[in-house]
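Each protein sequence line maps, in turn, to chains H and U.
With numbering that gives the first Met the number 0 applied, the first sequence corresponds to residues 0 to 164, in that order.
With numbering that gives the first Met the number 0 applied, the second sequence corresponds to residues 0 to 164, in that order.
The structure appears below as structure tokens.
There are 2 protein chains.
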Amino acid sequence: MSEHNAAIGIGIGIGIGIGELARRADCKPETVRYYERVGLVDEAVRTEGGQRRYGEAAVRRLIFIRHARDFGFSVEAVRELLTMSDRPDMSCQEVDAIATHHLEEVESRLQRLEALRDELRRMVGQCAGGKVESCRIIEVLSDHQLCISEHDHGGADDLKHGPHS
Amino acid sequence: MSEHNAAIGIGIGIGIGIGELARRADCKPETVRYYERVGLVDEAVRTEGGQRRYGEAAVRRLIFIRHARDFGFSVEAVRELLTMSDRPDMSCQEVDAIATHHLEEVESRLQRLEALRDELRRMVGQCAGGKVESCRIIEVLSDHQLCISEHDHGGADDLKHGPHS
DNA sequence: ACTTGAACCTATAGTTGCTACAGGGTTTAT
DNA sequence: ATAAACCCTGTAGCAACTATAGGTTCAAGT
């Protein structure tokens, strides 16, 4: 049996360590411990010495989480998605709602980022390469009037916060 | 003279308080104090009672900062831009370099966000509205193979970190 | 059995750019 | 004189990790 399990990759009574788990989901051990702390992954079985050991289920769950995070879903959204994926009999309406909402946020962010890009292009395009004194970039930054779009290309925040649930 | 200054908006010996300053640059007093802490704005003159008072120069500087932040420049980038705008005789090469670099980052982020949007659209579009069991969204999240783009649509980080300097 | 070195443990602080308190003091207008 | 509106400092919080310090355990080789 252990040959079979070796082929699968995880022996039943043994399991893999946190490093190997992290490698399989393309993240770091710290991230896994973080997910455990915030309750996205269950507390792992421990060896006598206190080290975490994981099985196939944990690998699948972590890959799901990392993939959803890759898609930009917030940790809270991932938590909801996980809850639902644990209940296969449920209607997937809510899953769809979360994904659709997220898509909308990504689209609105895209629009604002495009406006920002246009404004930056204009700014950079107008720099004649002289002295700071007459630098178009500095001027635009000093005077909002010089922007085409009336205020708010999304703003710095837009580039920071992930779209939530 | 105080009538004239009232017209300008800031009396010479008096100055405005932090609240008024913040209002003029469309931010909050806390933000101004934060900028002071990190050295983006100078320490203000204080009243006898210890309250900050500002003049026109501070208003201009803060507006510049907020505008640059609106453009998505990081605080560190803003610091450099400020240093340069303080030296009008310098060549604006470096200004241009910062802005161009920032533009490039915005553009690359846009691309990844577009890929993400496409993937999300596909995912949402394929949801047939049945049970979670057969939910296409859950499936895609469980299995990266189902993505069109080979891995890495930018990732969650992309939606969080602002583009730096 | 022993030793080495990689992997692991916990707890805590740092990242970015603010924002939000708590628990006071000051200014200004009536 | 008193109240409303403003301001002060210091600290903690947000998201989602990442990094570090200082120690323990595991697995493999000799």
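Even glycine gets a Cβ: it sits at the ideal position worked out from N, Cα and C.
Establish whether the CB of residue i and some CB of chain H are separated by less than 9 Å.
i: U/P87; result: yes
i: U/L102; result: yes
i: U/L39; result: no
i: U/R165; result: Coverage of chain U is limited to positions 0 through 164, which leaves residue 165 of chain U absent and any answer about it impossible.
i: U/T46; result: no
i: U/I147; result: no
Cβ closer than 8 Å: which chain H residues qualify as neighbours of residue i?
i: U/L140; result: F63, H66, A67, F70, L80, S84
i: U/Q92; result: G128
i: U/R116; result: L102, V105, E106, L109
i: U/L112; result: V105, R108, L109, L112
Between residue i and the rest of its own chain, which residues show a CB-CB distance below 7 Å, the 5 nearest in sequence each way excluded?
i: U/Q50; result: G16
i: H/M122; result: R135, I136, V139
i: U/C26; result: R65
i: H/I172; result: Only positions 0 to 164 of chain H appear in the structure, and residue 172 of chain H is not among them; the question remains open.
i: H/E42; result: E35
Near residue i, which residues of its chain fall below 8 Å by C-beta distance, leaving aside the five closest residues on each side in sequence?
i: U/R68; result: V74, V77
i: H/M83; result: M89, C91, E93, V94
i: H/F70; result: H101
i: U/I62; result: R23, A24
Exposed or buried, what is residue i when buried is set at 16 or more other beta-carbons lying within 10 Å of its beta-carbon?
i: U/I13; result: exposed
i: H/A56; result: exposed
i: H/H44; result: Looking at the sequence shown, residue 44 of chain H is not His but Val. Classification of H/V44: exposed, given that the 10 Å Cβ count is below 16.
i: H/I147; result: exposed
i: U/R60; result: buried
i: H/E118; result: buried
i: H/G54; result: buried
i: H/R52; result: buried
i: U/R108; result: buried
i: H/V105; result: buried
i: U/A127; result: exposed
i: H/V249; result: Because chain H is modelled from 0 through 164, residue 249 of chain H falls outside the range shown and cannot be assessed.
Could you list which residues in chain U have their beta carbon closer than 7 Å to that of residue i, in chain order?
i: H/L119; result: F70, A98, H101, L102, V105
Nearest chain U C-beta to residue i closer than 9 Å, yes or no?
i: H/R32; result: no
i: H/R59; result: yes
Among residues of its own chain, excluding the 5 on either side of residue i, which ones have a beta-carbon nearer than 6 Å to its beta-carbon?
i: H/Y34; result: V40
Exercise for review: Taking only beta carbons into account, state which residues of the region 121-138 of chain U come closer than 9 Å to chain H, listed in chain order.
Suggested key: M122, V123, C126, A127, G128, G129, K130, V131, E132, S133, C134, R135, I136, I137
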